[in-house]
Amino acid sequence: MNAIADMPSSASAANLADAASTAAPLIDVHDLRKRFGDVEVLRGVDLQIARSEVVCIIGPSGSGKSTLLRCLAALETYDHGEVRIEGELLGYSERNGKRVRASHGEINRVRRNVGMVFQQFNLWPHMSALENVMEALLRVRRLPRDEARRRANAMLETVGLAHKGDAYPARLSGGQQQRVAIARALAMEPHIMLFDEPTSALDPELVGEVLQVMKQLARDGMTMAVVTHEMGFAAQVADKVVFIDQGRIAVQGKPRDVFHDAAQPRLRQFLQNYFDRNAFWTRGADDAQPL
Ligand SMILES: Nc1ncnc2c1ncn2[C@@H]1O[C@H](COP(=O)(O)OP(=O)(O)OP(=O)(O)O)[C@@H](O)[C@H]1O
Ligand SMILES: [Mg+2]
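In this text, residue positions in the sequence shown follow our numbering: the first is -2, and each later residue adds one.
Have a look at this one:
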């Protein structure tokens, strides 16, 4: 066998390199640890998120779900381990084999393709929906105003709010405000979207419209990590469900395996609590009884 003849041409070598980077996880978290004072809140989290994968993160209050997402968006520093985004180390750089805090500019560069949507929509009250979406395009991306407006309008259309561009947040429902917040994140053309309980501040009848937008994003191939209590959404949309308990990933797997077959006692208890809370109809011995 001729090793030289078997070597890929430089063009196909580039293709192979591309294919390898596409196959590598978009997010790669290794032994992530984070403490607040004496309390270790993340206690060694390993998580990979592939391109176009939808990962739903569930777990009890205080288990570290938001802290994990915030570490992925560099909104929180971490003490130990690695967060890699598209192969690049977030938050630190390596100099002479030593790890040092990365500069703000460097952190922003590595996280530029990470979008985040929060429980509280955090829209500017003095700006219209359109202006809210345009803001980062003008200030961070430094797009010309016309182009920012065009892109912001397109994003509002994506979330079904093309007709609300001129409306101020106070005149929008919670569901509409959250969809504007999603449009604002999408306008930055992220490679991954992080959602931290995006529907839990909403009245129940408004939850569906936001989940609908998120389902469409998933269908369009967006990579997503979603902290949620919407188990139906997780069951339908997630490629992988991750159960975090006391700062560790206790269980992860396909929705069916996590929701139906998991034997892990803390997960069973968590799901049982959820189903008990959400059960409003029970069948009595002789008749169906509303609770
Ligand atoms: N900035 C902070 N300073 C001190 N402690 C914090 C801080 N942020 C979070 N914590 C603590 O870290 C733990 C994990 O919090 P986190 O918000 O990540 O939990 P969570 O799983 O998102 O909970 P929830 O479901 O209630 O949103 C909690 O005990 C919380 O009190
Ligand atoms: Mg939280």
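By construction, the Cβ of each residue, glycine as well, lies at the ideal position given by its N, Cα and C atoms. Note that the structure is predicted; figures quoted are calculated from it, not measured.
Considering only heavy atoms of ligand 2, does any lie closer than 7 Å to the CB of residue i?
i	result
D242	no
K237	no
E91	no
E227	no
V224	yes
E194	yes
Inspect the beta-carbon positions of residue i and residue j and report whether they are closer than 8 Å.
i	j	result
A290	L191	Limits of the chain in this structure are -2 at one end and 288 at the other, which puts residue 290 out of reach.
L23	V42	no
N110	H188	yes
R30	G78	yes
V289	C68	Given that the chain is displayed from residue -2 to residue 288, the structure contains no residue 289 and the question cannot be resolved.
V239	L44	yes
L127	L169	no
Among the options, which has the Cα closest to the Cα of residue i?
i	options	result
V114	R181, S100, G205, L44	R181
R146	H123, N119, R92, L134	L134
P252	C53, V36, M152	C53
T309	R40, P57, D25	This structure leaves residue 309 out entirely; the chain is present only between -2 and 288.
I241	G34, D25, R40, R32	R40
Q243	D25, V26, E37	E37
R176	N119, M219, E144	N119
S49	D217, K62, R67	D217
G102	S90, R96, A126	S90
T74	G94, S100, K95	S100
With hydrogens ignored, establish whether the beta-carbon of residue i is closer than 7 Å to any heavy atom of ligand 1.
i	result
G56	yes
V38	yes
T64	yes
G78	no
G61	yes
F256	no
F277	no
F33	yes
Given this structure, state the Cα-to-Cα distance separating residue i from residue j, to the nearest angstrom.
i	j	result
R142	M185	15 Å
S60	F267	12 Å
D20	E85	One point to set straight first is that residue 20 is Ala, not Asp, in the sequence displayed. The straight-line gap from Cα to Cα measures roughly 15 Å.
R108	L183	14 Å
R138	A232	36 Å
A259	V248	8 Å
Q174	F230	20 Å
F272	L264	12 Å
A8	E83	Model confidence at A8 stands at a pLDDT of 43, short of 50, so the residue's coordinates are unreliable; what they give is reported in the following sentence. Computed Cα separation, rounded: 22 Å.
L208	A276	21 Å
N150	A159	6 Å
G34	K62	18 Å
S125	R148	15 Å
P130	P262	Per the sequence shown, the amino acid found at residue 130 is Val instead of Pro. Looking at the two C-alpha atoms, the distance is approximately 44 Å.
Q | Segment contact, 8 Å Cβ cut-off, at least three pairs: the segment 157 to 168 with the segment 193 to 203 | A | no
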